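J.:
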Amino acid sequence: MDLFTKIKAMNSFTESEQTFIDFIFNHPYDVIQLNLQQLSKTSYVSISTIYRVMEKLEINGLNQLKLQISESLKNNENLKNIDYNYPFQKTNTHYQILTQMLELYDQTLKNTINLIDLDVLLHTVQALKKANNIYIFPSIGNYFMAESFQQNMLEIGVKVDVIKEAYYQHWHVQLCDENDIVMLISYAGRTPQIMDIVHDLNKKNIPIILISSTIHTPIDQFARYHLYFSSYEDSEEKIASFSSRISLQYLLDCIYACYFNRDYEKNLEYKIKNYID
């Protein structure tokens, strides 16, 4: 995961640690050039604070921090300024709209892959493979992407239930046990009754795969596996959810592809044998 994106997704820094985080964002090239003592003096934090920040970021030493900052700067140099809420204007021609949408998709997908923690993705796929039953509880704007994932899995012989309404989500939780798994898809965790569902899942020790934006929510602490999709958009003021939808679709397609790849020949044979037009 891109370091800058990873930091934005976290919400666990003390006041002094946040001071150093702000320094990283405001003076990244200074962090790359300075030694530990100089960095402590320039950022007005103690050396122990710097080490605590690196520990929380799972970074082993100053050299690795410098390397990850360099990589993040390199990645961000190629990003163009796009208004994700209003990617095109009234005066744009059709061709201008096409090119603006292409840039929005391109930048969204680059951001999404930077958000993916490969270890979390691996454990997510393993958990799906191991589960007796897979349930998806999507928020209202994510039904179609969830159903697309359901269709892909069905075509390789894996049953996935997409439960849309909160009433049925509640009762399906009562049917679950710790050998099942629930995938929650929510942009910002604002879906009504979602906390009640999460608490019920937690009480029954049912593993949760949370797929959300990088906005911190109370649900985060209950997720056993947490994957992120792009969160450039305003949750309310926008033309449409262009960026978040393509980001979520890409992420779900990647989960499916990794799942498929674990038994590639078997899944391919099943899909071809049972193909219908």
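Residue numbering for the sequence shown follows my numbering, starting at 1 and increasing by one per position.
A virtual CB, placed ideally from N, CA and C, is assigned to each residue, including glycine.
Since this is a predicted model, take the numbers as computed values, not measurements.
Buried or exposed: where does residue 248 fall if 16 or more other Cβ atoms within 10 Å of its Cβ makes it buried?
T.: If you number the sequence shown from 1, residue 248 lands on position 248. Buried.
J.: I'd like to know whether the C-beta atoms of residue 16 and residue 49 end up nearer to each other than 8 Å.
T.: What you label residue 16 is simply residue 16 of the sequence shown in a count that begins at 1. What you label residue 49 is simply residue 49 of the sequence shown in a count that begins at 1. Taking 8 Å as the Cβ cut-off, residue 16 and residue 49 qualify as a contacting pair.
J.: Do residue 125 and residue 262 have their CB atoms nearer than 8 Å?
T.: Counted from its first residue, the sequence shown places residue 125 at position 125. Counted from its first residue, the sequence shown places residue 262 at position 262. In contact: residue 125 and residue 262 (Cβ atoms closer than 8 Å).
J.: Would you say residue 161 and residue 135 are within 8 Å of each other, going by their C-beta atoms?
T.: Mapped onto the sequence shown, residue 161 falls at position 161. Mapped onto the sequence shown, residue 135 falls at position 135. Yes. Within cutoff.
J.: What is the rounded straight-line gap between the Cα of residue 244 and the Cα of residue 93?
T.: Taking the sequence shown and counting its residues from 1, the one referred to as residue 244 is at position 244. Taking the sequence shown and counting its residues from 1, the one referred to as residue 93 is at position 93. Each residue's alpha carbon lies about 24 Å from the other.
J.: May I have a chain-ordered list of the alpha helix (DSSP H) segments no shorter than 4 residues that lie completely inside the segment 18-106?
T.: With a minimum length of 4 residues, the continuous alpha helix (DSSP H) runs that stay inside the segment 18-106 are 28-33, 36-43, 47-56 and 62-77.
J.: So, helix, strand or coil for residue 226, using DSSP?
T.: On the sequence shown, position 226 is the one that residue 226 refers to. Looking at residue 226 - three-state DSSP - the assignment turns out to be strand.
J.: Please tell me whether residue 208 and residue 184 are closer than 8 Å, where the distance is taken between their beta carbons.
T.: Residue mapping note: residue 208 aligns to position 208 of the sequence shown, counting from 1. Residue mapping note: residue 184 aligns to position 184 of the sequence shown, counting from 1. Their beta carbons are under 8 Å apart, which means residue 208 touches residue 184 by this criterion.
J.: Shortest alpha-carbon distance to residue 73 belongs to which of 156, 3 and 230?
T.: Taking the first residue of the sequence shown as position 1, residue 73 is located at position 73. It is 3 whose Cα lies nearest to the Cα of residue 73.
J.: Does the structure place the segment 198-212 close enough to the segment 152-161 that three or more beta carbon pairs sit under 8 Å?
T.: Counting Cβ pairs under 8 Å, fewer than three are found: no touch.
J.: Does residue 244 come out as helix, strand or coil in the three-state DSSP assignment?
T.: Locating residue 244 in the sequence shown gives position 244, counting from the first residue. Residue state, collapsed to three classes: helix.
J.: Would you mind sorting residue 26 into buried or exposed? The rule is 16 or more other CB atoms within 10 Å of its CB.
T.: Translated into positions along the sequence shown, residue 26 becomes position 26. That one is exposed.
J.: Got a sec, what are the start and stop residues for the beta strand (DSSP E) residue 148 sits in?
T.: Looking up residue 148 in the sequence shown gives position 148. No beta strand (DSSP E) holds residue 148; the alpha helix (DSSP H) holding it covers 143-154.
J.: I'd like the list of long-range same chain contacts for residue 251, defined as Cβ closer than 7 Å, with 5 residues on each side in sequence excluded.
T.: Counting from 1 along the sequence shown, the entry for residue 251 is found at position 251. So the qualifying residues of the chain are 112, 211, 227 and 229.
J.: Go to residue 187, then tell me how far its alpha helix (DSSP H) extends in each direction, as first and last residue.
T.: Along the sequence shown, read from residue 1 onward, the residue named residue 187 stands at position 187. Counting along the chain, residue 187 falls outside any alpha helix (DSSP H), and DSSP gives it neither H nor E.
J.: How many Å lie between residue 56 and residue 10 at the Cα?
T.: Locating residue 56 in the sequence shown gives position 56, where the first residue counts as 1. Locating residue 10 in the sequence shown gives position 10, where the first residue counts as 1. Cα to Cα, residue 56 sits roughly 9 Å from residue 10.
J.: Just to confirm before moving on: does the CB-CB distance between residue 138 and residue 166 stay below 8 Å?
T.: As a position in the sequence shown, residue 138 is number 138, starting the count at 1. As a position in the sequence shown, residue 166 is number 166, starting the count at 1. Against a cut-off of 8 Å, the Cβ pair of residue 166 and residue 138 comes out as no contact.
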